[in-house]
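These notes are about the structure you will find just below.
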Amino acid sequence: MLEKAFEGGKKYWAWLFFLGALSAVGVYYYIQQFQFGLGLTGMHRDVSWGLYIGQFTFLVGVAASAVMLVIPYYLHDFKKFGKIVILGEFLAISAVTMCILFIFVDMGQPMRIMNVILHPTPNSVMFWDSVVLSGYLAINALVGWVTLSADRKGVPPPKWIKFFIYLSIPWAVSIHTVTAFLYSGLPARHFWLSAVMAARFLASAFAAGPALLIILALIVRKISKFDPGKEAIQAIGKIVAYAMFANVFLLGLEFFTAFYSGIPGHAASFLYLYVGLEGHSELVPMMWTSTVLAIISLFLLVFPAARKKEGLLAFACLSLFISLWIDKGFGLIIGGFVPNPFEEVHPYWPTMPEALITLGVWAIGFLILSMLYKIAISVRERTAGIEIEH
Amino acid sequence: MSMDRRQFLKIAGISSILGFGASVASATHTIWEPGLKPPQVEPNPDGLIAKRWAMVVDMSKFKTDEDIKKVTTACHQTHNVPDFRNPDGTVDKKFEIKWIWEEPYERTFPGSENKFMSEHIKDMPFIVLCNHCDNPPCVRVCPTQATFKLPNGITMQDMHRCIGCRFCMAACPYGSRSFNWTDPRKAINPATENKAYPTRTKGVVEKCTFCTERLQVGKLPACVEAAPKGAMFFGDIEDPNSEVRKIVTSQLTIRRKPELGTGPAVYYVIGGSDHA
Amino acid sequence: MKLYDGGKILIGLMVFVGIATFPFYYNIGKVNAKPELKTDTPAIQAWEKQYGKKECVESKEYMRSEHMQLLNNWRDSVVRDMNRQYVSMTSGRKFNMSLQNGCLECHSNKKQFCDQCHNYMAVKPYCFDCHIQPMEKEENKS
Numbered sequence: 195m196l197e198k199a200f201e202g203g204k205k206y207w208a209w210l211f212f213l214g215a216l217s218a219v220g221v222y223y224y225i226q227q228f229q230f231g232l233g234l235t236g237m238h239r240d241v242s243w244g245l246y247i248g249q250f251t252f253l254v255g256v257a258a259s260a261v262m263l264v265i266p267y268y269l270h271d272f273k274k275f276g277k278i279v280i281l282g283e284f285l286a287i288s289a290v291t292m293c294i295l296f297i298f299v300d301m302g303q304p305m306r307i308m309n310v311i312l313h314p315t316p317n318s319v320m321f322w323d324s325v326v327l328s329g330y331l332a333i334n335a336l337v338g339w340v341t342l343s344a345d346r347k348g349v350p351p352p353k354w355i356k357f358f359i360y361l362s363i364p365w366a367v368s369i370h371t372v373t374a375f376l377y378s379g380l381p382a383r384h385f386w387l388s389a390v391m392a393a394r395f396l397a398s399a400f401a402a403g404p405a406l407l408i409i410l411a412l413i414v415r416k417i418s419k420f421d422p423g424k425e426a427i428q429a430i431g432k433i434v435a436y437a438m439f440a441n442v443f444l445l446g447l448e449f450f451t452a453f454y455s456g457i458p459g460h461a462a463s464f465l466y467l468y469v470g471l472e473g474h475s476e477l478v479p480m481m482w483t484s485t486v487l488a489i490i491s492l493f494l495l496v497f498p499a500a501r502k503k504e505g506l507l508a509f510a511c512l513s514l515f516i517s518l519w520i521d522k523g524f525g526l527i528i529g530g531f532v533p534n535p536f537e538e539v540h541p542y543w544p545t546m547p548e549a550l551i552t553l554g555v556w557a558i559g560f561l562i563l564s565m566l567y568k569i570a571i572s573v574r575e576r577t578a579g580i581e582i583e584h
Numbered sequence: 041m042s043m044d045r046r047q048f049l050k051i052a053g054i055s056s057i058l059g060f061g062a063s064v065a066s067a068t069h070t071i072w073e074p075g076l077k078p079p080q081v082e083p084n085p086d087g088l089i090a091k092r093w094a095m096v097v098d099m100s101k102f103k104t105d106e107d108i109k110k111v112t113t114a115c116h117q118t119h120n121v122p123d124f125r126n127p128d129g130t131v132d133k134k135f136e137i138k139w140i141w142e143e144p145y146e147r148t149f150p151g152s153e154n155k156f157m158s159e160h161i162k163d164m165p166f167i168v169l170c171n172h173c174d175n176p177p178c179v180r181v182c183p184t185q186a187t188f189k190l191p192n193g194i195t196m197q198d199m200h201r202c203i204g205c206r207f208c209m210a211a212c213p214y215g216s217r218s219f220n221w222t223d224p225r226k227a228i229n230p231a232t233e234n235k236a237y238p239t240r241t242k243g244v245v246e247k248c249t250f251c252t253e254r255l256q257v258g259k260l261p262a263c264v265e266a267a268p269k270g271a272m273f274f275g276d277i278e279d280p281n282s283e284v285r286k287i288v289t290s291q292l293t294i295r296r297k298p299e300l301g302t303g304p305a306v307y308y309v310i311g312g313s314d315h316a
Numbered sequence: 013m014k015l016y017d018g019g020k021i022l023i024g025l026m027v028f029v030g031i032a033t034f035p036f037y038y039n040i041g042k043v044n045a046k047p048e049l050k051t052d053t054p055a056i057q058a059w060e061k062q063y064g065k066k067e068c069v070e071s072k073e074y075m076r077s078e079h080m081q082l083l084n085n086w087r088d089s090v091v092r093d094m095n096r097q098y099v100s101m102t103s104g105r106k107f108n109m110s111l112q113n114g115c116l117e118c119h120s121n122k123k124q125f126c127d128q129c130h131n132y133m134a135v136k137p138y139c140f141d142c143h144i145q146p147m148e149k150e151e152n153k154s
């Protein structure tokens, strides 16, 4: 089946070449970073995690969101998702791969990565995160591959795979819960020390991930003969709308606790992000962009009339994706470090090499995604019209 | 037995993965081996021993900026802490590494200032360093046990094992940890470096170790040695006869952010009478 | 049996063999003299005078094959278990477990000692990224 990834027209190869070139730029700058050290990035003593860890956090959510297709299809027998569920699983594979790469490029001593396995440390959330992430990658690769192979042959997938499909549901929840625990268990950071952190992570994940999936499904339909299904896309649109509402609600809870309690430490990071603190307002424009985009997307998603127009739906999903990317892939991480433990504000902004390495990792992720989708599309195009019971 | 191409590739793939795993395992097998155990190894007989090391700092005994500078310089020179500077001579905040340094009162104990407090008090200098907590968040989060508790209460940092994930820096409520954003030797003068202590390499986290290397050969921490008389005390707080214990028992002392439950082992004397 | 895509496979094989054997022809004609280790530093000579023979922490053969493991174990024992002294299995003498303040006190000629074998074997231990190596006279001249 793998050979399907290498059969394609000129446009397909041009796209792969483009992504390949972007990843090559990323690799080039990563080698620079490897030689010089992480000082090549904008991070410093006070904001010691930045864009890389932000991307990692955001993408764990994208990966976990595959479960939003798996649950309706396998648990509620929602047949409309039959054709699209593979797109979710393959998106999860590429997203987890990006997560692992972002962790890797963020390490000061990447050559010592085996230390995590050689000295397993159950009290470290990071240890569990590496366990659940690699497990999730394996489960999705296995499930995606086995079900797609069966589809290609026109036979139902083997019974034993059901076990892994069901396993993937709690597992998806676990990857994002554990990732939230990285932050929400630290006594040092008021901004992250919140019991709703994991819930917020899941809500934003179940909004951003399926939103991306809608955009991808619309693209797939446009450039190939594989139609993931209009009703399926609309159904995902509803999921996105509910999840986004939950996310905005949970964010509102954070605001309430921070400001009604009046405890300065709880409010400081919110102030820095949304209005500026001690004369520093670097992130304010970004955070308000995120807020406005969130409102626009919610407005479009909540009215069925707007949601049913696929052009508007795509626009809403794009706004939502960018909004959550800013909120979670950037603001959430930087906000946790500002102000620092001495209540000083030391701002952070990524450097060009850092941005290009980040872009390179995204390019690698999309390269994997494009090739996996190419395989899925090839199989689907051949079996168009045949419905297979999973 | 015949084999088609598909099966061959599968078997070849699996065996190469297994082979890779085995080679990684063999390359690192030494770490799995039990290390050196007594009586083949032993502590230095001159070493200082304690159930729980702790420090008391009395800022009123530091009379001048020079007194404070002496302490921080003593530490940073002893441990080859790099000194990154901007072209204009100011500290390069981007690469800065520090083990012990000075902060004003309102930064050391945030939230305890009030609006009627004089600038003089808000700006009163305090010496800050790793608190060697009873319940350190940095140790809890480290994925490789590169930072860990010694039985004598010191929060130790194994720079050999650190993978540079910086989780500990996110976890420390005291900003006590620094990361080597580039090769620190660029900012260490070979003429004044301490030839008896290593430097660090890029990509690892470092911090104050309560001079564990000096305690083990019978010396007090470098900062305590360099401090003015009666300004810094170091000893076993579990020992009722130790100086630190007597001060903490008899005088009003405060610790940084005790409400977080970390149990800092650095106590600051408020009042400034003469001690034991 | 027919070989499909024979041309491509053969080209691929040739490229593979070319890459795999690269180290061999890359090093053709290079002098690969056996490393000569110098153990004539003042500290070692003084030791020889005092104890009547040159000796290391353990036997020469053991040190040659096991010094990396020994150093790893020393490292863990010092940093993590607060030990400082090593009791030799060979002589029973006690040694300070330290690369910088132990090994290199005697072997103050890193270039003539450590580097000789490490270069020959093309291994690059990262010990000296952190541990300060002794000043050597040759270094000052160059």
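Protein sequence lines correspond, in order, to chains G, F and U.
Yeah, the first sequence ends on 584 if you go by the numbering used here, and it's all consecutive.
Yeah, the second sequence ends on 316 if you go by the numbering used here, and it's all consecutive.
Yeah, the third sequence ends on 154 if you go by the numbering used here, and it's all consecutive.
The C-beta atom is built at its ideal place from N, Cα and C for all residues, glycine as well.
Note that this is a predicted model, so its numbers are computed, not measured.
- Look at M196 (chain F) here: in three-state DSSP terms it is strand.
- Within chain U, the residues placing a beta-carbon under 9 angstroms from that of K235 (chain F) are Q112, N113, I144, P146, M147, ordered along the chain.
- In the DSSP secondary-structure assignment, P47 (chain U) is not bridged to any residue.
- Taking 8 angstroms as the CB threshold, W221 (chain F) lines the interface with chain G.
- Closest in C-alpha terms to W386 (chain G), from the list G:K205, G:Y377, G:D240, comes G:Y377.
- Distance between F211 (chain G) and G24 (chain U), taken at the CA atoms: about 22 angstroms.
- Nearest CB-CB separation between S89 (chain U) and chain F: below the 8 angstroms threshold.
- Counting along the chain, Y246 (chain G) sits inside the alpha helix (DSSP H) bounded by residues 245-258.
- Taking a cut-off of 8 angstroms for Cβ pairs, the segment 241-257 of chain G and the segment 535-548 of chain G touch, as three or more such pairs fall below it.
- Here A488 (chain G) is buried, its C-beta having at least 16 other C-beta atoms within 10 Å.
- When the beta-carbon positions are compared, M438 (chain G) and S475 (chain G) stay at least 8 angstroms from each other.
- At a cut-off of 8 angstroms, the C-beta of D44 (chain F) has no neighbouring C-beta in chain U.
- Close partners of N229 (chain F) in chain U (Cβ separation under 8 angstroms) are lacking, with about 12 angstroms as the shortest Cβ gap.
- Sequence-distant Cβ neighbours of I144 (chain U) in its own chain, meaning closer than 7 angstroms and more than five residues away, are Q112.
- Shown in chain order are the members of the segment 169-188 of chain F whose Cβ falls below 7 angstroms from a Cβ of chain G: P177, R180, V181, C182, P183, T184, Q185.
- Residues of chain F whose Cβ lies closer than 9 angstroms to the Cβ of M109 (chain U) are, in chain order, L76, V81.
- As the crow flies, the alpha-carbon of S288 (chain G) is around 34 angstroms from that of M26 (chain U).
- In the DSSP assignment, G24 (chain U) falls within the alpha helix (DSSP H) that extends over 18-32.
- The beta carbon of L396 (chain G) sits closer than 6 angstroms to those of H370, all from its chain and outside the five residues before and after it, given in chain order.
- Cα atoms of D276 (chain F) and E283 (chain F): separation of roughly 8 angstroms, rounded to the nearest angstrom.
- Think of a sphere of 8 angstroms around the beta carbon of G302 (chain G): the chain F residues whose beta carbon falls inside it are C202, I203, G204, C205, R206, F219, N220, K242, G243, V244, V245, in chain order.
- For S290 (chain F), the number of other beta carbons within 10 angstroms of its own is below 16, and it is reported as exposed.
- Note on the segment 38-101 of chain U: whole beta strand (DSSP E) runs with a minimum of 3 residues are 97-99, in chain order.
- For the C-beta of P280 (chain F), not a single chain U residue is nearer than 8 angstroms; the gap to the nearest is close to 24 angstroms.
- In the three-state scheme derived from DSSP, where H, G and I count as helix and E and B as strand, M95 (chain F) is classed as strand.
- With the criterion set as a beta carbon lying under 8 angstroms from some beta carbon of chain G, the members of the segment 113-134 of chain F are K133, K134, in sequence order.
- Relative to the Cα of E143 (chain F), the nearest Cα in the group F:V121, F:N120, F:A305, F:R296 belongs to F:R296.
- Runs of the beta strand (DSSP E) lying entirely within the segment 116-145 of chain U and spanning at least 3 residues: none are present.
- T102 (chain U) counts as exposed, since fewer than 16 other C-beta atoms from the protein chains shown sit within 10 angstroms of its C-beta.
- DSSP places D300 (chain G) inside the alpha helix (DSSP H), whose first and last residues are 279-300.
- Bridge pairing for G275 (chain F): F:A94 [DSSP].
- By the criterion of a C-beta distance shorter than 6 angstroms, P316 (chain G) is surrounded by no residue of its chain, once the five residues flanking it on both sides are discounted.
- At a cut-off of 8 angstroms between beta-carbon atoms, G258 (chain F) makes no contact with chain U.
- For L169 (chain F), the uninterrupted beta strand (DSSP E) segment begins and ends at 165-169.
- In terms of CA proximity to D105 (chain F), F:W141 leads the group F:G87, F:W141, F:N120, F:Y214.
- Not a single CB atom of chain G sits nearer than 8 angstroms to the CB of A305 (chain F).
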